[in-house]
Every structure is written in C-alpha cells, then in structure tokens.
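From first to last, the protein sequence lines are chains U and L.
Each number in this note's numbering corresponds to the 1-based position in the first sequence with 313 added.
Each number in this note's numbering corresponds to the 1-based position in the second sequence with 313 added.
For glycine and all other residues, C-beta sits at the position ideal for the given N, C-alpha and C.
Protein chains: 2
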Amino acid sequence: MPVKPDILKVTATAKSRLFQVEEIDLRFSNGVERTYERLASRGLGAVMIAAIDEQQNVLLIQEYAAGIEDYLLTLPKGLIDPGEDALQAANRELKEEAGFGAERLEIIKEMTSAPNYMGHKITVVLAQGLYPCRLPGDEPEEMEVTHWPLDQLDELFSRDDFSEGRAIAALYMVRDQLRKAQV
Amino acid sequence: MPVKPDILKVTATAKSRLFQVEEIDLRFSNGVERTYERLASRGLGAVMIAAIDEQQNVLLIQEYAAGIEDYLLTLPKGLIDPGEDALQAANRELKEEAGFGAERLEIIKEMTSAPNYMGHKITVVLAQGLYPCRLPGDEPEEMEVTHWPLDQLDELFSRDDFSEGRAIAALYMVRDQLRKAQV
C-alpha cells in the first residue's frame with residue numbers, strides 16, 4: 314500500500330437534515346495538494362439483507378426510490394440503530410420490510426457505495442431459517458415481497474427495475490457462497 | 314408496478330461545489346405524505362470499466378478514496394464529459410487511469426448506487442482488445458495497475474481493500490457474460 318496523503322484540513326461546507334458536506338484538503342506523498350468534497354458519514358452504518366427461503370428463493374421488496382423517482386426491486390436494507398449490531402439490525406429490517414424473521418444470520422461482506430466521495434458503508438447479511446414475523450416500520454406503504462429463484466439471477470439483473478449495484482453484488486456473493494456450501 | 318407517488322414539491326436545501334441537497338415532498342397512492350432528502354444528480358452520469366486482457370485478467374487500479382480516507386483497489390471509473398457517450402468516456406478514462414485503450418467496448422448494465430437518496434447512475438462497460446495508450450488525466454498521482462485473474466474473484470472480494478459494491482457487481486456480471494460466450 315502506498316503512503317496515505319496527509320489530511321491538512323477538513324471543513325464543513327454545507328449541512329442539511331440528513332447530509333453534511335465537507336471539504337478535505339490533502340497533500341499526497343508526491344507533494345501534490347488537492348481539495349476534495351465528500352459527504353461525511355454519520356450514524357452506525359447500514360445493513361442489506363439477502364434472505365433465502367427453503368426453496369432457494371431470495372426475498373425481494375418493491376420500494377419507491379426518491380433519488381430516481383421510481384419503484385425498484387431490491388433487497389431489504391436500513392440503518393443500524395443505536396444499541397444494535399449489524400445482525401440485530403438485519404433481522405429487524407427484515408421483519409419490518411419483508412415480514413420475516415431469520416433463525417440464522419451471517420455477515421457476508423462490508424461494502425462501500427461511492428468511496429471517493431462518501432464514507433457510507435453497508436454490511437451484507439445472509440439470512441436463513443425464515444419464519445413469518447412482521448414488525449411495524451417507518452415505511453409510508455406496505456412493500457410487496459417477491460420470492461425470486463436464486464438460480465435465475467441473470468433474468469433479474471437484465472431488468473431495468475433491478476439496478477442497485479450493491480444488491481447485485483450481494484446476490485452474486487450469496488449465490489456463490491451457498492453453492493460452495495452444497496459441494 | 315404500483316402507482317407512483319405524486320411529487321408535491323422539490324426544494325433545494327443546501328448546496329456546495331459538488332453537491333446539491335433537495336427535499337422532495339411526496340404523496341403516496343394510499344394518501345400518506347412524506348418528505349425525503351436526496352442528492353440531486355448533476356451531469357451526464359458516470360462509467361465504470363471492466364477491462365479484460367488476452368489472459369483473462371481484469372485491470373484494477375489502486376486509488377485514494379477521500380470518503381473513507383484510505384487506498385482501495387477498484388475498477389477505473391469517471392464522469393461522462395459533455396459531447397461524449399458512455400463508451401467514449403469509458404475508453405478515455407481507461408487511457409487516463411490505467412494506460413490502456415480498448416478496441417471493443419460494450420455496455421453491460423446501468424446501475425444505481427444508493428437510489429433512495431441519490432439519482433446518480435453509473436454505466437458498467439466491458440472493454441476488450443486492449444493496447445497500451447496513456448492520456449494525461451486529472452489524478453493527483455499515478456495509479457498502480459494490477460492485472461487480476463478473472464477466475465480468482467473470490468480471493469479479491471475477501472480483501473478488505475476491495476469493497477466497492479458497484480465494482481463487485483460489475484466483475485461478477487462480466488465474468489458470467491464471458492463464461493457464457495465461451496460455451
């Protein structure tokens with residue numbers, strides 16, 4: 314690994330309810346100085362849940378995404394609340410968004426989303442041993458849940474309404490891991 | 314697909330050099346109203362390039378990511394400039410960041426990053442028929458390029474310094490597509 318640049322200064326430049334923009338002044342090891350903007354990461358991180366039922370289907374939710382002003386198929390996900398670890402948050406979000414709890418939860422990978430300008434991280438959790446259980450969440454409307462066969466990911470990823478890079482990565486990783494476990 | 318919520322109002326709430334934060338007031342089809350914050354998407358989108366050499370290695374770059382204050386291994390990527398299409402931008406970024414041009418370029422998938430609160434999209438491009446060609450870019454330091462075997466993705470994804478969800482998704486999709494083409 315190369316020598317990290319020196320962080321000369323971090324300055325808050327804009328702030329809203331959810332977002333905090335910062336400028337970070339850097340001096341790289343070759344002497345070059347740069348100022349970048351980034352979103353400060355707040356909170357305890359987030360989880361994304363790949364919940365697999367007994368028939369090897371993954372549970373997908375249909376959710377309105379305000380960033381792109383459209384409904385998307387994706388995996389249940391949400392922020393880790395104070396006092397929770399990633400697995401507890403995953404089980405809670407699964408109950409709130411998909412109406413299932415999980416007997417077995419396992420961390421697959423901690424991912425970054427856009428690391429050049431965001432500190433946000435999301436932990437992918439594999440959930441198995443599902444049982445019906447619904448917790449009330451803060452969603453504005455109930456989410457339709459689809460059970461999608463894990464051996465038909467190609468068809469899923471060819472759909473325009475399944476586009477979230479982190480969800481595509483999570484499903485491939487989970488499929489590979491479960492296939493290896495079967496061998 | 315459900316009926317999309319009505320967009321009652323969009324209000325700019327904070328602005329910096331790179332980022333524009335907006336509030337979006339929504340009324341869902343069940344009558345529930347919500348206000349969400351999001352980052353407005355500006356510009357023409359971005360590209361991420363999976364460049365595969367004759368030996369079936371993918372070209373990785375090592376880049377400092379200001380959002381997480383560390384170096385990461387990832388795929389070359391960058392913004393589409395005015396006047397460029399996605400394939401032209403991909404070939405230019407590949408030349409700037411990795412020192413290679415490509416004879417054959419192909420769009421694999423348009424991905425979203427965090428669609429609940431960002432409109433940003435990134436187009437994954439498969440690049441083949443590589444030849445040495447370096448264009449000067451705006452990077453603060455030269456990026457080290459690694460040729461990583463496409464049949465050793467598991468080992469790559471188990472590394473803590475390879476964490477970008479979009480890059481993991483891109484490499485799995487490209488590997489699957491190239492395997493199918495060989496059959």
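* **Inter-residue Cα distance where the pair is Arg-447(L) and Lys-422(L)** => 26 Å
* **Under 7 Å (Cβ pairs) to chain L, residues found in the segment 442-459 of chain U** => Pro-453, Glu-454
* Asked: For the segment 380-436 of chain U, which segments carrying the alpha helix (DSSP H) assignment without a break, of at least 4 residues, lie completely within its bounds, in sequence order?
  -> 399-410
* Among all the DSSP beta bridges, which residues are the ones paired with Pro-462(L)? -> Asn-370(L)
* Asked: In terms of residue numbering, what span does the alpha helix (DSSP H) encompassing Ala-364(U) cover?
  -> Ala-364(U) -> not in any alpha helix (DSSP H); beta strand (DSSP E) instead, spanning 359-364.
* Gly-380(L) versus chain U: which residues are under 8 Å apart at the beta carbon? -> Gly-380(L) reaches chain U at Arg-351, Leu-352, Ser-354, Thr-425, Ala-427, Pro-428, Asn-429, Tyr-430, Met-431, Gly-432, His-433, counting residues in chain order whose Cβ is nearer than 8 Å.
* Please name the residue in Phe-470(L), Glu-452(L), Pro-445(L) whose C-alpha comes closest to that of Tyr-349(U). => Glu-452(L)
* Asked: Quick one, are the C-beta atoms of Tyr-384(L) and Glu-376(L) less than 9 Å apart?
  -> yes
* To do: Report yes if the CB atom of Ile-381(L) is closer than 9 Å to the CB atom of Glu-410(L), and no otherwise.
  => no
* Asked: Are there three or more Cβ pairs, one per stretch, closer than 8 Å when the segment 456-467 of chain L is compared with the segment 482-496 of chain L?
  -> yes
* Excluding five sequence neighbours on each side, which residues of the same chain lie with their C-beta closer than 6 Å to the C-beta of Ser-312(L)? -> There is simply no residue 312(L) to check, as chain L begins at 314 and stops at 496 in what is shown.
* Can you tell me whether DSSP reads Gly-478(U) as helix, strand or coil? -> helix
* Asked: How many Å lie between Ile-320(L) and Ile-337(L) at the Cα?
  -> 7 Å
* Asked: Can you tell me the Cα-Cα spacing of Thr-324(U) and Arg-340(U), whole angstroms?
  -> 15 Å
* Asked: Is Gly-358(U) near the ligand COA, judged by its Cβ being under 8 Å from some heavy atom?
  -> The ligand COA is not part of this structure, which contains no ligands at all.
* Would you give the residue range spanned by the beta strand (DSSP E) that Ala-327(U) belongs to? => 319-328
* Asked: When the Cβ atoms of the segment 429-439 of chain U are set against those of the segment 351-364 of chain U, are three or more pairs found closer than 8 Å?
  -> yes
* Asked: Got a sec? Which residues, its chain only, sit under 6 Å from Ala-480(U) by beta carbon, not counting five neighbours each side?
  -> Excluding positions up to five away in sequence, the list reads Thr-387, Leu-388.
* Shorter than 9 Å from the beta carbon of Lys-422(L) to some beta carbon of chain U? -> yes
* Flag Ile-481(U) as yes if its beta-carbon sits less than 9 Å from any beta-carbon of chain L, otherwise no. => At a cut-off of 9 Å between C-beta atoms, Ile-481(U) counts as an interface residue with respect to chain L.
* To do: Please state whether DSSP places Glu-454(L) in a helix, a strand or coil.
  => coil
* To do: Indicate the three-state DSSP secondary structure (helix, strand or coil) for Arg-303(L) in the structure shown.
  => With chain L running from 314 to 496 in the structure shown, residue 303(L) is simply not present.
* Asked: Do you know how far the Cα of Gly-391(L) is from the Cα of Ala-402(L)?
  -> 8 Å
* Over what stretch of residues does the beta strand (DSSP E) that includes Leu-352(L) continue unbroken? -> 346-352 is the span of the beta strand (DSSP E), which, as asked, contains Leu-352(L).
* Between Ala-411(L) and chain U, is there a C-beta pair that is closer than 9 Å? -> With a threshold of 9 Å between beta carbons, Ala-411(L) makes no contact with chain U.
* Determine the closest residue to Pro-318(U) out of Asp-473(L), Ser-354(L), Pro-318(L), Ala-378(L), with distance taken between C-alpha atoms. => Ala-378(L)
* To do: Report the residue from Leu-372(L), Thr-425(L), Ala-482(L), Asp-474(L) whose alpha carbon sits nearest the alpha carbon of Glu-457(L).
  => Leu-372(L)
* To do: Buried or exposed for Gly-478(U), please, with buried defined as at least 16 other CB atoms from any protein chain shown within 10 angstroms of its CB.
  => So Gly-478(U) ends up on the buried side.
* Identity of the residues DSSP links to Glu-468(L) by a beta bridge -> Beta-bridge partners of Glu-468(L) (DSSP): none assigned.
* Straight-line Cα distance separating Thr-326(L) from Ala-327(U) -> Rounded to the nearest angstrom, the gap between the Cα atoms of Ala-327(U) and Thr-326(L) is 9 Å.
* Asked: Roughly how many angstroms lie between the CA atoms of Gly-355(L) and Arg-492(L), to the nearest whole one?
  -> Residue identity check: residue 355(L) is Arg in the sequence provided, not Gly. Approximately 36 Å between the Cα atoms of the pair.
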